[in-house]
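Using the working numbering, the first residue of the sequence shown is number 374, and each one after it goes up by one.
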Amino acid sequence: MATGGHVKALLNLGLHDPNIIGRPNVVTTLMEDTSGPWMEHFAHKEARDQQGQFMADAYLSLIKGRTIIAEAPTGLGKTAASLASALAAMKQSENVKKILFLTGRQSQHKIVIDTVRKLNENRKDHPNVAIVDLIGRESMCGKLTIDRQCFCEEGVSEKARGGRRSQLKRWILEWPRHVEETVKNGRIEGTCPYMCCIEAAREAEIIVMDYNHVFVESVSDSSLPSMSIDVGSSIVIVDEAHNLPDRIKMGLEMRLTSKTVKAARFELEEHQETLARDGASPEVLEETSSVLGWMRRVENGIIDWMGENREGLEGGDDSDALVEAGELLNVFKTAWESSLSKAKWNAGYTMMRRTLEQVKVEGEDEEEGGETFCSRFLSFMDTLVRFEKSEAMAIVFDILGEEGRVTSCLLDPSVVSSGIISNSIGSIFMSGTLHPTSMYADLFGVFSDSSIERSYTSPFPEDQRPILISSDVTTKFTSRGEGNLNRIRGHIARVLDESPGNVAIFLPSYNMLNELVDQVTWVPASFRIKVETNEMNKQDVSGILRDLNDEQINTVLVAVMGGRFSEGVDYSGGVLSSAITVGLPLAPPSSRHTATVEYFSKRFGREKGWRYSSAQPAVNSVLQAIGRPIRKKEDRAILVVLENRFFNRSYSRLLPDGLTTIPSADSDMTGRLTRRFFARYP
Ligand code: SF4
């Protein structure tokens, strides 16, 4: 389709296609992707080939109210492109009220704000696009008092507070502001930056925020109404969308222990005392007393139930077990039915919800719906009730320390995302590792007649990022051993010998990482070694990233795939000369994993069951890790994949089409190829 830098997009809008404009389209247009309506909203002067194609595809699908799933590699310029398409689609229709740009990374917030700034600067004759940069309240508050009380507006009268808030809100809306600037200004002005962002969001065209605000019900239920956002009149852009399935699953991951039940019961007892002291009505007191009696019986029932399951696990090989949601729910039902109350379970459940929702603990902010043990207990029970008959949720029992614990594990993210996507006015899902797009369409639950899938090529020269794959090493369980480990160390040592700069090594797990660094004779004296640990915080990560910029000494960074250094971190300025991945990070055996494989096999067939639950996520983690060093056109790096399973068709076909790889038979060959590469690209 692309010729001479001009790509044409066929806009076959079709006579009866539903579209966001609310009337049938009657034209079939051949539209130049470099001069389509999106260019008016594009922050740069010219679009690159694939970027223009992406904008045309995204615009086309949005005006038809559809979803685009775009595998768009780093460097394509997908932020500016997706915003341009969405703004152009918004201008086409009064039905579109908001663009929700969702991302899990704060660094991406910054890019979105900078892009809209550039757009506003370039279009002096247009009204500025109003955008709000929103992060979690906790992160905007900075230091809260010990009991989590607010302090920014301390001592400010109601009237003055209203004035200050509306002033800061206007300031946010008049020009794109980074959230840090808003927080700083809020402090200076003595007002709440968080609430001002929420108020500004009601009037903004674009809101940049975390996935949770749309895809995690416990957050979206309160967050979206507070910003007057209706997903049904919004375009949703999901950046780094490969992370969304796990984020959705985490949103429904609830845990229950007997300690949680006990703590919830204490809270309820305190609540009852407060009600009595405040002169609550006899009906309310009676209802609270019934629920409290029920909680006491649940507590005993849960202790017995946990004990039985614990015995079932002890002595066996498994560390966890699947349990039936209905079986656990019976503990709650039995506790209710053995009460003196005449109400049936359903009525009792409603009464219990009503009572537990009223429980507040001192110091919690009502506006924020502060979490109590009662609310945690309630969320767990709501999840059990909601998914009692659904195979998409697994309930897992395991032992943590001395205590039994039960966890709700969502297996299929589409049960949450599918409805949201079809309700939105159009959506863009994009990422460099949204591979294959068909798998993500299944995981998000989008239908082929309401979506398109596109894969774009990388704009970076391929010969500046060769991928070597070694054929003599693996992390396959049955082939592990001292010989294999030494060969892995041999490959790494040769890459380090020949690399002129920093090298990052990514392993499948902390166990394997520890095995590798158990002795570090393979690290030349010209390198210092930095090792990722499970306990590292943001500051530790920033410290190591700063070390990589130290020109006095090279660093070898040893980290895990799926950890803090293999995703979402920008190794800008070509700071990595080489990236090495060791093995495949396949999910370890667990009840949750078994349930996931079975669920997907039942839904999509055996082959996809294995691919979706195990193989493809592992392969994509490898692709993510080796993609780290190349962030700009001028970057160059050698990428070494130490895993011979990539020569096996089962895994090689999971790599993106057209990926060129070079086999390496042993560490000497890896060394020679590395030397040759850096002779060409020093
Ligand atoms: S006033 Fe706002 S920013 Fe300040 S502590 Fe309270 S919620 Fe946080």
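Using N, Cα and C, we set each Cβ at its ideal position, and we do this for glycine too.
Measure how close the beta-carbons of residue i and residue j come, nearest whole angstrom, since I'm counting them as under 8 Å.
i: I571; j: K471; result: That belief does not hold up - the Cβ atoms of I571 and K471 are roughly 14 Å apart, past 8 Å.
i: S797; j: I608; result: 7 Å
i: L880; j: V914; result: The Cβ separation is near 17 Å, so there is no contact.
i: I793; j: F1050; result: Not confirmed; about 45 Å, so no contact.
i: R669; j: R628; result: Incorrect: roughly 21 Å between the Cβ atoms, too far for contact.
i: D583; j: R550; result: With 8 Å as the limit, D583 and R550 do not qualify as a contact, their Cβ atoms being about 18 Å apart.
Compare the Cα-Cα distances from residue i to each of the options and report the closest residue.
i: I621; options: K464, D506, S593; result: S593
i: I768; options: L625, N585, L433; result: L625
i: R421; options: D430, A454, K437; result: A454
i: A708; options: D693, S692, M725; result: M725
i: D845; options: S748, L773, N857; result: N857
i: V942; options: A960, K911, Y972, R965; result: K911
i: F817; options: I484, V611, G563, K437; result: V611
i: T452; options: E444, T488, S964; result: T488
i: E576; options: E730, W544, K635; result: W544
i: K1006; options: P834, A1038, L886; result: P834
i: R965; options: D771, D822, N493; result: D771
i: A998; options: K464, D1041, T954; result: T954
i: A694; options: G978, A968, V1013; result: A968
i: L492; options: S1023, E590, M412; result: M412
i: A952; options: P958, K635, L959, V931; result: V931
i: A573; options: S595, R538, R827, A636; result: R538
i: R919; options: K903, R759, K975; result: K903
i: A1010; options: Q465, I825, M909, T1047; result: T1047
i: K733; options: N1017, G699, E642; result: E642
i: G477; options: I508, N719, G528; result: I508
i: H864; options: S994, L435, S663, M1042; result: M1042
List the residues that DSSP assigns as beta-bridge partners of residue i.
i: S828; result: E444
i: P1055; result: BP columns for P1055 are empty, so no partner.
i: K903; result: L930
i: C565; result: The partner list for C565 (beta bridge, DSSP) is empty, contrary to what the question assumes.
i: M766; result: L783
i: S607; result: K471
i: E776; result: L773
i: R628; result: T780
i: N682; result: N682 pairs with nothing; no bridge assigned.
i: V1013; result: L841, I953
i: D693; result: D771
i: I545; result: Its beta-bridge partners do not exist; DSSP assigns none.
i: V914; result: None; V914 has no bridge partner.
i: V581; result: F474, D506
Drop a sphere of 10 angstroms on the beta-carbon of residue i, count the other beta-carbons inside from all chains shown, and report buried for 16 or more, exposed for fewer.
i: N673; result: exposed
i: E531; result: exposed
i: I580; result: buried
i: V400; result: Because V400 sits at a pLDDT of 32, beneath the cut-off of 50, its placement in the model cannot be relied upon, and the following sentence gives the value as read from the coordinates. The residue is exposed, with fewer than 16 neighbouring Cβ atoms inside 10 Å.
i: Q424; result: buried
i: E940; result: buried
i: E656; result: exposed
i: R510; result: buried
i: L1032; result: exposed
i: S692; result: exposed
i: F1004; result: Correcting the residue type first, residue 1004 is Arg in the shown sequence and not Phe. That one is buried.
i: S711; result: exposed
i: F753; result: buried
i: R1001; result: buried
i: S1040; result: buried
i: R1045; result: exposed
i: T851; result: exposed
i: A1052; result: exposed
i: P958; result: buried
i: H644; result: buried
i: P1036; result: exposed
Since residue i is in the beta strand (DSSP E), which residue starts that stretch and which ends it?
i: T1034; result: 1034 to 1037
i: S804; result: 799 to 804
i: N875; result: 875 to 880
i: L841; result: 840 to 843
i: I504; result: 504 to 506
Starting from residue i, trace the alpha helix (DSSP H) both ways and give me its first and last residue.
i: S654; result: No alpha helix (DSSP H) holds S654; DSSP gives it neither H nor E.
i: I367; result: Since the displayed the chain opens at 374 and closes at 1055, residue 367 lies outside it and no answer follows.
i: M812; result: 810 to 817
i: I861; result: 855 to 871
i: I602; result: Counting along the chain, I602 falls outside any alpha helix (DSSP H), and DSSP gives it neither H nor E.
i: V529; result: No alpha helix (DSSP H) holds V529; DSSP gives it neither H nor E.
Please indicate yes or no: does the CB of residue i lie closer than 7 Å to some heavy atom of the ligand SAM?
i: E553; result: Annotation note on the ligand SAM: not contained in the displayed structure, which lists the ligand SF4 as its ligands.
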